[in-house]
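In order, the protein sequences belong to chains A and B. Quick note on the numbering used here: the first sequence kicks off at 1 and runs consecutively. Quick note on the numbering used here: the second sequence kicks off at 213 and runs consecutively. Glycine included, C-beta positions come from ideal geometry on N, C-alpha and C. Values in this document were obtained by computation on a predicted structure and should not be read as measured data. Heads up: the structure comes next, in structure tokens.
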Amino acid sequence: MNFFRLLGDLSHLASIFILLHKIQTTRSCRGISFKTQALYVAVFVTRYLDLFFRYVSLYNSVMKLFFIASSCYILYLMKYKYRPTHDPSIDTFRIEYLLGPCFVLSLIFNYKFSFSEILWSFSIFLEAVAILPQLFMLQRTGEAETITTHYLAALGVYRALYIPNWIYRYFTEGLVDPIAVTAGIVQTGLYLDFFYVYFTKVLQGQKFELPA
Amino acid sequence: QVSPSNHDEL
């Protein structure tokens with residue numbers, strides 16, 4: 001564990017609390033992509049299957065359980081409690097275009113051709129692109145509530161911080177995880193456009209609006 | 213030395 005990874009994980013935690021806060025205070029999940037949230041459940045469940053057979057640390061296990069539980073809870077809130085506030089007609093990204101290629105990639109790129117390792121690779125690739133339905137929705141509506149942008153920023157910062165973590169680990173431990181690093185760089189790259197608008201508008205006190 | 217499938221990250 002190093003500073004960058006800890007900060008990244010905390011940012012990930014923060015993003016989930018911001019999202020829950022947004023849903024609870026506005027009593028609405030408007031502007032949140034159900035598809036992206038469902039993909040996160042798939043990501044966490046497939047990656048954290050190792051809870052059953054690998055123990056890393058208490059921190060690691062607690063975080064894994066938290067991510068699975070909170071992502072399922074968010075899905076529940078969107079699907080049942082605040083269902084009328086979710087508009088599927090603007091959440092139209094075709095997730096099969098993500099699931100299919102990620103699955104094929106995981107068959108090709110994995111550290112061992114075993115059930116759990118293939119699922120692990122799949123979850124890494126899927127996480128990299130899971131935000132696309134959300135960004136697509138943002139693009140369609142052209143604007144977002146400020147709190148939603150804070151959620152997305154925290155989520156983007158989380159993976160961005162994993163990059164210095166990997167550089168640090170390379171120099172201190174000689175450790176390189178090419179699958180996670182490649183996917184992580186792609187994942188962070190997807191946020192660049194968003195980050196640009198976030199830093200130049202939202203953090204200057206303006207509303208998040210995309211140019212028409 | 214390089215053990216990529218450690219999976220100790222979240």
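Nearest candidate by alpha-carbon position, reference LEU73(A), set HIS21(A), TRP120(A), PRO88(A) and ASN110(A) = Stepping through the first sequence from its first residue, residue 73(A) is reached at position 73. Correcting the residue type first, residue 73(A) is Tyr in the shown sequence and not Leu. Of HIS21(A), TRP120(A), PRO88(A) and ASN110(A), the residue nearest in Cα terms is HIS21(A).
key: Reduced DSSP category for ALA212(A) - H, G, I as helix; E, B as strand; rest coil   = Sequence index remark: in the first sequence, residue 212(A) carries index 212 (1-based). The answer is coil: DSSP assigns ALA212(A) none of H, G, I, E or B.
query = Does the beta carbon of ALA180(A) come closer than 8 Å to any beta carbon on chain B?
reply = Translated into positions along the first sequence, residue 180(A) becomes position 180. Chain B contact via Cβ: present.
inquiry  = In the DSSP assignment, the alpha helix (DSSP H) including GLY100(A) goes from what residue to what residue?
reply    = By 1-based counting over the first sequence, the position of residue 100(A) is 100. 96 to 108 is the span of the alpha helix (DSSP H), which, as asked, contains GLY100(A).
request  = Quick one: residues in its chain with C-beta nearer than 7 Å to the C-beta of ALA144(A), no 5 flanking neighbours on either side, listed in chain order?
outcome  = Position 144 of the first sequence holds residue 144(A). Cβ neighbours of ALA144(A) beyond the five flanking positions: GLY31, LEU138 and PHE208.
ask   = Between ASN215(A) and chain B, is there a C-beta pair that is closer than 8 Å?
value = Because chain A spans 1 through 212 in this model, residue 215(A) falls outside it and cannot be assessed.
key: chain B within 8 Å of ARG236(A), Cβ atoms only   = Lying before the first or after the last residue shown, residue 236(A) is absent from chain A, which here runs from 1 to 212.
Contact with chain B by VAL157(A), beta-carbon distance below 8 Å = Position 157 of the first sequence, counted from the first residue, corresponds to residue 157(A). So, not an interface residue.
query = Does any CB atom of chain B fall closer than 8 Å to the CB of VAL41(A)?
reply = Here residue 41(A) refers to the residue found at position 41 when the first sequence is read from its first residue. At a cut-off of 8 Å between beta-carbon atoms, VAL41(A) makes no contact with chain B.
inquiry  = Cβ closer than 7 Å: which chain B residues qualify as neighbours of VAL56(A)?
reply    = Taking the first residue of the first sequence as 1, we reach residue 56(A) at position 56. Chain B residues near VAL56(A): ASP220.
Contact between the segment 187 to 195 of chain A and the segment 145 to 159 of chain A (3+ Cβ pairs under 8 Å) = yes
When PHE34(A), LYS35(A), THR36(A) and SER61(A) are compared against ARG47(A), the one with the closest alpha-carbon = The residue you call residue 47(A) lines up with position 47 of the first sequence. For ARG47(A), the nearest C-alpha among the options comes from SER61(A).
query = Which whole-angstrom value is the C-beta distance of TYR198(A) and ARG5(A), which I expect to be below 8 Å?
reply = For the purposes of this step, residue 198(A) is taken as residue 198 along the first sequence, with counting starting at 1. For the purposes of this step, residue 5(A) is taken as residue 5 along the first sequence, with counting starting at 1. So it is not a contact: roughly 23 Å between Cβ atoms.
query = Start and end of the alpha helix (DSSP H) containing PHE93(A)?
reply = Counting from one through the first sequence, the residue named residue 93(A) turns up at place 93. First-last for PHE93(A): undefined, no H or E at that position.
task = Measuring alpha carbon to alpha carbon, tell me which of THR26(A), ILE124(A), HIS12(A) and ARG27(A) ends up nearest LEU39(A).
result = Taking the first residue of the first sequence as position 1, residue 39(A) is located at position 39. The shortest Cα separation from LEU39(A) among THR26(A), ILE124(A), HIS12(A) and ARG27(A) belongs to ILE124(A).
request  = Give a yes or no on contact between the segment 107 to 115 of chain A and the segment 164 to 174 of chain A, applying the rule of three or more CB pairs nearer than 8 Å.
outcome  = no
ask   = Between which two residues does the alpha helix (DSSP H) harbouring GLU173(A) extend?
value = Within the first sequence, the letter at position 173 stands for residue 173(A). First-last of the alpha helix (DSSP H) with GLU173(A): 146 to 173.
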